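Down below is the structure, laid out as structure tokens.
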Amino acid sequence: MTDRTCLAVILAAGEGTRMKSALPKVLHKIGGLEMVGHVMAAASAAGADALALVVGNGAELVRSFAETRAGTGTRQDIFVQEERLGTAHAVLAARAAVSRGYDDVLVVFGDHPLLDPAVLRNARARLAEGAAVAVLGFRPPVPTGYGRLIEKDGRLVAIREEKDCSEEEKKITFCNSGVMAIAGRHALALLDQVKNDNAKGEFYLTDIVEIANRQDLVVVASEAGNESAVGINNRAELAEAEAVWQQKKRRELMLSGVTLIAPETVFLSHDTQIGADTVIEPNVWFGPGVRVASGVRIHAFSHLEEAVVETGAAVGPFARLRPGAAVMEKAKIGNFCEIKNARIEPDAKVPHLSYIGDATVGAGANIGAGTITCNYDGFGKHHTEIGAGAFIGTNSSLVAPITIGTGAYVASGSVLTENVPADALAFGRARQSTYEERGKMLREKLAAEKAAKRSGG
Ligand code: UD1
Ligand code: CA
Numbered sequence: 000m001t002d003r004t005c006l007a008v009i010l011a012a013g014e015g016t017r018m019k020s021a022l023p024k025v026l027h028k029i030g031g032l033e034m035v036g037h038v039m040a041a042a043s044a045a046g047a048d049a050l051a052l053v054v055g056n057g058a059e060l061v062r063s064f065a066e067t068r069a070g071t072g073t074r075q076d077i078f079v080q081e082e083r084l085g086t087a088h089a090v091l092a093a094r095a096a097v098s099r100g101y102d103d104v105l106v107v108f109g110d111h112p113l114l115d116p117a118v119l120r121n122a123r124a125r126l127a128e129g130a131a132v133a134v135l136g137f138r139p140p141v142p143t144g145y146g147r148l149i150e151k152d153g154r155l156v157a158i159r160e161e162k163d164c165s166e167e168e169k170k171i172t173f174c175n176s177g178v179m180a181i182a183g184r185h186a187l188a189l190l191d192q193v194k195n196d197n198a199k200g201e202f203y204l205t206d207i208v209e210i211a212n213r214q215d216l217v218v219v220a221s222e223a224g225n226e227s228a229v230g231i232n233n234r235a236e237l238a239e240a241e242a243v244w245q246q247k248k249r250r251e252l253m254l255s256g257v258t259l260i261a262p263e264t265v266f267l268s269h270d271t272q273i274g275a276d277t278v279i280e281p282n283v284w285f286g287p288g289v290r291v292a293s294g295v296r297i298h299a300f301s302h303l304e305e306a307v308v309e310t311g312a313a314v315g316p317f318a319r320l321r322p323g324a325a326v327m328e329k330a331k332i333g334n335f336c337e338i339k340n341a342r343i344e345p346d347a348k349v350p351h352l353s354y355i356g357d358a359t360v361g362a363g364a365n366i367g368a369g370t371i372t373c374n375y376d377g378f379g380k381h382h383t384e385i386g387a388g389a390f391i392g393t394n395s396s397l398v399a400p401i402t403i404g405t406g407a408y409v410a411s412g413s414v415l416t417e418n419v420p421a422d423a424l425a426f427g428r429a430r431q432s433t434y435e436e437r438g439k440m441l442r443e444k445l446a447a448e449k450a451a452k453r454s455g456g
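Numbering (numbering that gives the first Met the number 0), first residue to last: 0 to 456.
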């Protein structure tokens, strides 16, 4: 890595009207993370020491999102661009950050969630070699709408926006991705010379290319992969980018040793961690905050978020792990079980049709089918403690707060409201009554009544 200092200016003041959303565009998510969060992560991964977010519409929401990403060690400041007068004007909204003085200033767009950190590092490398401006170009299948890169003798002489292009220039297929690296010592001087005498009447960041050339500074273009240039404008594009992102993340996991039987049906989050030799069956959803260790099996149709599954455990099919679920080594969560804010200790089993919420299930305990922890009384949530080796009979309701002792035995169909000591046997149900012959008598009586009614009516 370089020892050059770096600021990344992230432009996110766009209206995003085509998203047709109350939410600012850059807060729409890919892989469970806000688009601008992906861009921030890419900039940090490329070595940015500070991030300057330029926001307009929905500034407060973007600010509060950015705050959730604070504490990563990278300084971040928010700048509000009051009027949307163009990309150069937007960068200048972060003048205070730029003037702190960095070797490299990266300019990226907040709606480019697939931005590759390698592309940013490459642009910075061009500055380290002496360029004043390094532009990342790409070759879109259809260049319409993009700024064209005009090169001469291996140097980039201008970027022409489509609306300002001649017919000849429109034929150029090498386009501006939007990513630019500017040598910090020239940045403000170049930006301050940008004028708005163009078709859109905007202050174009791209004009610094011609300005730098007039000053005999070195300006270069290099080619980036097309993904880094993908900007999201509507929900259809959002879904396309999601698909690309998912495919990449799945592949990354598979190459690290995770088996995905039908990868296209497994949905991952930006922070999903899965250990080697874990098998993920088809149709599994990983919301944010999930860590699965190695040698685990996640059976089909399971839904996990903010949960941990330790080595050798099994989950599903049709299981739901909600926030705070911790399934420890070799524990088993079976079909139609929901686990929330509960720790299932090693070798414990919750095999069928249970709700375990706000609870601890001790090591090796067995939870019978249909067991419910009644954790909510309409006002507050209460804890259930089940000791190691306890046996909870099927269809039991454990009314929290309650403790079932180590090795205790709970009879099927119990409704328990009081603690059960270790090794005790608890019944929480009415006793069974059986009356010989009375079934037959009842049937005869009912038949006679029905016959009487029919002849009478
Ligand atoms: C821009 C580039 C174009 C490039 C294209 C790639 C300029 C002048 N043109 O065009 O060469 O091919 O991106 O997608 O830079 N923004 C602000 N404040 C503003 C204006 C824009 O924050 O005042 C932000 C937008 O939110 C967006 C980004 O800057 O994230 C790009 O702006 P946009 O208007 O979409 O630029 P394009 O016309 O697409
Ligand atoms: Ca655009």
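Note that beta-carbon positions come from the ideal geometry of N, C-alpha and C, so glycine has one too.
All values derive from a computational prediction rather than experimental measurement.
Is residue i helix, strand or coil by DSSP?
i: residue 452; result: helix
i: residue 419; result: strand
i: residue 99; result: coil
i: residue 321; result: coil
i: residue 333; result: strand
i: residue 351; result: strand
i: residue 222; result: strand
i: residue 184; result: helix
i: residue 2; result: coil
i: residue 202; result: coil
i: residue 439; result: helix
i: residue 136; result: strand
i: residue 26; result: helix
i: residue 193; result: coil
i: residue 213; result: helix
i: residue 305; result: coil
i: residue 141; result: coil
i: residue 344; result: coil
i: residue 33; result: strand
i: residue 339; result: strand
i: residue 65; result: helix
i: residue 58; result: helix
i: residue 313; result: strand
Can the beta-carbon of residue i be found closer than 9 Å to that of residue j?
i: residue 315; j: residue 278; result: no
i: residue 304; j: residue 289; result: yes
i: residue 217; j: residue 130; result: yes
i: residue 341; j: residue 372; result: yes
i: residue 110; j: residue 35; result: yes
i: residue 9; j: residue 240; result: no
i: residue 269; j: residue 31; result: yes
i: residue 182; j: residue 126; result: yes
i: residue 416; j: residue 388; result: no
i: residue 280; j: residue 302; result: no
i: residue 79; j: residue 7; result: no
i: residue 118; j: residue 261; result: no
i: residue 395; j: residue 409; result: yes
i: residue 330; j: residue 312; result: yes
In chain order, what residues of the same chain lie with their CB nearer than 7 Å to the CB of residue i, ignoring the 5 residues before and after it?
i: residue 418; result: 401, 402
i: residue 276; result: 256, 293, 294
i: residue 225; result: 137, 139
i: residue 466; result: Within the shown structure, residues of the chain are numbered from 0 to 456, placing residue 466 beyond reach of any answer.
Report all residues from its chain with a CB closer than 6 Å to the CB of residue i; omit the five preceding and five following residues, and keep chain order.
i: residue 202; result: 84, 85, 87, 88, 193, 195
i: residue 160; result: 146
i: residue 321; result: 339
i: residue 172; result: 138, 142
i: residue 209; result: 157
i: residue 366; result: 349, 353, 391
i: residue 123; result: 103, 180
i: residue 228; result: 137, 176
i: residue 428; result: 412, 413
i: residue 385; result: 360, 361, 364, 403
i: residue 244; result: 29, 30
i: residue 461; result: No statement about residue 461 is possible, as the shown extent of the chain runs from 0 to 456 and does not include it.
Report back the beta-carbon spacing between residue i and residue j to the nearest angstrom; my notes put them in contact at under 8 Å.
i: residue 180; j: residue 133; result: 4 Å
i: residue 103; j: residue 5; result: 4 Å
i: residue 407; j: residue 381; result: About 19 Å; that fails the 8 Å criterion.
i: residue 358; j: residue 383; result: 4 Å
i: residue 46; j: residue 1; result: 7 Å
i: residue 219; j: residue 155; result: 6 Å
i: residue 187; j: residue 207; result: That pair is no contact at about 11 Å.
i: residue 39; j: residue 233; result: Not really, about 22 Å apart at Cβ, beyond 8 Å.
Beta-carbon of residue i versus every beta-carbon of chain B: anything under 9 Å?
i: residue 136; result: Of the protein chains in the structure, only one exists, and it is not chain B.
What residues in its chain sit with their C-beta under 8 Å from that of residue i, if we drop five residues either side in the sequence?
i: residue 57; result: 22, 23, 26
i: residue 74; result: 48, 49, 50
Contiguous alpha helix (DSSP H) assignments of at least 4 residues, all confined to the stretch 143-181: 166-169
4-residue-minimum alpha helix (DSSP H) runs that sit fully inside the stretch 72-130, ordered along the chain: 86-91, 94-97, 116-127
Within the stretch 230-302, ranges of the alpha helix (DSSP H) (whole runs, at least 4 residues): 234-254
Complete alpha helix (DSSP H) runs within the stretch 357-438 (minimum length 4 residues, chain order): none
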